[in-house]
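In what follows, a single structure is set out as structure tokens and then discussed.
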Amino acid sequence: MNNFDFLRIGDDVLSIQEVMTYLKDSGNFGQLMSTVLREYLVERELQSRDFQVSDSEIEQFILDFRLQNNAVDRPAFERWLSEQNLSYESFREKAIKGIKFQKLREQVAGVEVDQFFEANHSLFDRLALSRIVVQEADVAQKVSETLQQEPGEFNYLVAEYSTSEDRHLDGRMGVFPREEMPPQLQAGFNGKSPGSIIGPIVVEDLHCFFRLDQLIEANLNDSLRRTIEDRLFEEWLRSKMQGINLQMLV
1 MNNFDFLRIG DDVLSIQEVM TYLKDSGNFG QLMSTVLREY LVERELQSRD
51 FQVSDSEIEQ FILDFRLQNN AVDRPAFERW LSEQNLSYES FREKAIKGIK
101 FQKLREQVAG VEVDQFFEAN HSLFDRLALS RIVVQEADVA QKVSETLQQE
151 PGEFNYLVAE YSTSEDRHLD GRMGVFPREE MPPQLQAGFN GKSPGSIIGP
201 IVVEDLHCFF RLDQLIEANL NDSLRRTIED RLFEEWLRSK MQGINLQMLV
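Once you know that position 231 of the sequence shown is 231 in the UniProt record's numbering, the rest is easy, because the numbers rise by one and skip nothing.
Below is the structure:
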């Protein structure tokens, strides 16, 4: 590859080799190569599968985009195009590629979405939790003994001993997707029903007890289907990227 001029910064002009050197020195070179490889593979797949896109699909895609970005009226949409340095024609081309990408993602995931959900549905459940947080080990022991004998005293123990800010809310922490919870909590509440209490679990030198207040089981709705499609597609793409030989010519 010729070492041609690539970037102007003020009055200085950088060659492609200089830019590559800066990227390597910054530690961002690997991320750049990964992005390039990803886009290359996606483009190759789109070309090989030759998805067809109808005018109605394009118009619906553009309408959905404008609704999501508060650009329904013409002046707002034209202002957005100007801010992005896009003509309507170039935006339409991006819309076509976006639709083809959606078709690729759906085709790659296919029936595996339902299979993945059936095998891993509990990961997408959401759990409403409350907690007791204490600092001293002897207090934790006292709380543990009380909970073993009288689990219904949980709220009283929150008010009496907990040091966390949510003690004013009876220890209620909120609702969390199981998949995003720490491994100890995932394992601790696996197969448990509302009212179950686990702990003490030591977190940053604090002794914590957790109660499962509500289990909200996941349903395979459109939003979750897209989430699983994205996951399966990314796994598929990573498998395609493995083993590919990259060679810099600079």
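Virtual Cβ for every residue (Gly too), placed ideally from N, Cα, C.
| query | result |
| --- | --- |
| Suppose only complete runs of 3+ residues qualify. What are the beta strand (DSSP E) ranges in the UniProt domain "PpiC" (124-214), listed by chain order? | 126-134, 172-177, 197-203 |
| With three or more beta-carbon pairs closer than 8 Å as the criterion, would you say the region 163-176 touches the region 115-135? | yes |
| From the DSSP output, which residues share a beta bridge with Leu37? | BP columns for Leu37 are empty, so no partner. |
| Per DSSP, what kind of secondary structure is Leu14 in: helix, strand or coil? | strand |
| Nearest-angstrom Cα distance between Ala95 and Leu185? | 42 Å |
| Quick one: grab the DSSP three-state call for Ile244. | coil |
| Phe6 by DSSP, collapsed to three states: which one? | strand |
| Taking the alpha-carbon of Asp222 as reference, which of Ile216, Leu215, Asp230 has the nearest alpha-carbon? | Asp230 |
| First and last residue of the alpha helix (DSSP H) that includes Ser122? | Taken as a continuous stretch (DSSP letters only), Ser122 belongs to no alpha helix (DSSP H), as it is neither H nor E. |
| For a minimum of 4 consecutive residues, which ranges assigned as the alpha helix (DSSP H) are wholly contained in the region 29-84? | 29-49, 55-68, 74-83 |
| When the Cα atoms are used, what is the spatial distance from Gln214 to Asn190? | 13 Å |
| For the 8 Å Cβ check, are there 3 or more pairs between the region 96-106 and the region 49-59? | yes |
| Use the C-beta contact count for Arg211: other C-beta atoms within 10 angstroms, 16 or more gives buried, fewer gives exposed. | buried |
| Alpha carbon to alpha carbon, how far is His152 from Ser193? | The residue asked about is misnamed: residue 152 is Gly in this sequence, not His. Near 15 Å, if we compare the C-alpha coordinates of Ser193 and Gly152. |
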